[in-house]
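**Student:**
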Amino acid sequence: MPSDNHFQSGFRFLTWYNEIILRKKGDQMKQGTTILTLDNGYHLWTNTQGEGDIHLLCLHGGPGGTHEYWENFGEELADLGVQVHMYDQLGSFYSDQPDYSDPEIAKKYLTTDYFLGEVEEVRKKLGLDHFYLIGQSWGGALTQLYALKYGQHLKGAIISSMVDNINEYVEHINLVREEALPPSAVKYMKKIEKAGKWDDPQYQKYVDVLNRGYVDRKQPPAISHLISTMATPVYNAFQGDNEFVVTGKLKDWDISDQIHNIKVPTLLTFGEHETMPLKAAQRMAEVIPHARLVTTPNGGHHHMIDNAPVYFKHLKQFISDVENGTFND
């Protein structure tokens, strides 16, 4: 069990009166911050916004990202009576950050199975049932897996900018950079990637060009920090150095032969100009029994930021249709 020194500096601004806010199952979740103690002894930062009987649990991407792009969801969905729950996954931002340099800790906690189990434990500790689950990118992978294993707890699933296998993603990002960059730049990037010199300044400049075209098209980004908030031990373990190369544990991820077993109403939402292949999303919409595919004009991977009005229009329509019994794929 982790000792007190596992608490990260992000917690220090929190006062004790709002650190431990426990929710009794069936009661209205209190707004604000709650620190959950997991069964493994680690602590997760969670936050709840809004009031209402409809509950939405949000899973951030990365892996190793933060909850921040969910922060306006409570306000945006208030007229539907949606209560929005978000959290930083283990190792990320305000939540505990294990010492992943310890091989045993890395082996135990840097796995897809761990993070899927974490979603279910968070659900239980927040007392949620018959709720909506939304996941962005990596969070969308967890949403698919959760819908397959724990679908009985869901009203609906929202898969935001995530496909069901990495091979199609890799093919697409390779095509994207060939279209966005001159051949000499692509050749240079491949050379650097082969050498593993990820901090090469010119390489990172090319990555920035790609990010501006396909990840955060709205510049400057709505969410920015003086220093990176990405949990690099987690991100590097699963993804690699950046969004345009996959060298980590996700490189072999593929559940395309399972998604037909997702039975809950499902919204697939993608940006029109993003890192994830829309052809794969179209196939998923045909394979998942009750799925609707929507795209956000001028949206990149973070299309909830790039074009928020359209993104929320699609999301609100989906929730309304499911709630009213009028969802027809």
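The opening position of the sequence shown corresponds to residue 2 in this note's numbering, with each subsequent residue numbered one higher.
All C-beta atoms in this analysis are idealised placements derived from N, C-alpha and C, irrespective of residue type, glycine included.
1. Express the C-alpha separation of L91 and D103 in angstroms, rounding to a whole number.
2. Locate the beta strand (DSSP E) running through V247, then write down its first and last residues.
3. If you reduce the DSSP assignment to three classes, tell me which class F328 lands in.
4. Are the region 61-77 and the region 134-147 touching by the rule of at least three beta carbon pairs closer than 8 Å?
5. So which of K188, K191 and A232 has the shortest CA-CA distance to Y95?
6. Using the Cβ count rule (16 or more neighbours within 10 Å means buried), how would you classify G197?
7. For E273 versus T248, is the C-beta spacing smaller than 8 Å?
8. Just to check my reading of the structure: T49 and T38 have Cβ atoms closer than 8 Å, yes? What is that Cβ distance to the nearest angstrom?
9. Do you know offhand how far G157's Cα is from D322's?
10. Please report how far the alpha carbon of H131 lies from the alpha carbon of P99, in whole angstroms.
11. So which of L182, P222 and H302 has the shortest CA-CA distance to V210?
12. Relative to the C-alpha of D330, which residue among R213, I159 and Q259 is closest?
13. Can you tell me which of the three DSSP states F94 falls into?
14. Would you please state the rounded distance, in angstroms, between the beta carbons of P266 and F328? I believe it to be under 8 Å.
15. Where does H56 land, buried or exposed, given buried means 16+ other C-beta within 10 angstroms?
16. Measure the alpha-carbon distance for E180 versus Y207 and round it to whole angstroms.
17. Classify G66: buried if its beta carbon has 16 or more other beta carbons within 10 angstroms, exposed otherwise.
18. Per DSSP, what kind of secondary structure is K314 in: helix, strand or coil?
19. Helix, strand or coil for K264 per DSSP?
20. Confirm, please, whether the CB-CB distance from V164 to P333 is below 8 Å.
21. What is the rounded straight-line gap between the Cα of Q259 and the Cα of W199?
22. Considering only residues of the same chain and omitting the five flanking positions on each side of P310, which have a CB-CB separation below 6 Å?
23. Would you mind working out which of L269, E275, T276 and Y312 sits nearest A292, comparing C-alpha positions?
24. By DSSP's criteria, G136 is part of a beta bridge. Which residues make up the other side?
25. Below 8 Å on the Cβ atoms is my contact criterion, and I expect W46 with D80 to pass it. Report the Cβ-Cβ distance as a whole number of Å.
26. Between which residues of its own chain and V187 is the CB-CB distance below 8 Å, once the five residues before and five after are set aside?
**Tutor:** According to the data block:
1. 15 Å
2. Premise fails: V247 is in no beta strand (DSSP E) and is neither H nor E.
3. coil
4. yes
5. Closest option to Y95, Cα to Cα, is A232.
6. exposed
7. no
8. T49 to T38, Cβ: 17 Å. No contact.
9. 11 Å
10. C-alpha separation (whole angstroms): 31 Å.
11. Considering only L182, P222 and H302, the residue with the shortest C-alpha distance to V210 is L182.
12. I159
13. Correct three-state label for F94: coil.
14. 5 Å
15. buried
16. 13 Å
17. buried
18. helix
19. coil
20. Nothing can be reported for residue 333, as the shown portion of the chain is limited to 2 through 330.
21. 34 Å
22. none
23. L269
24. Residue pairing by DSSP places G136 opposite L60 and I160 in a beta bridge.
25. At roughly 27 Å, the Cβ-Cβ gap does not stay under 8 Å, so W46 and D80 are not in contact.
26. R178 and E179
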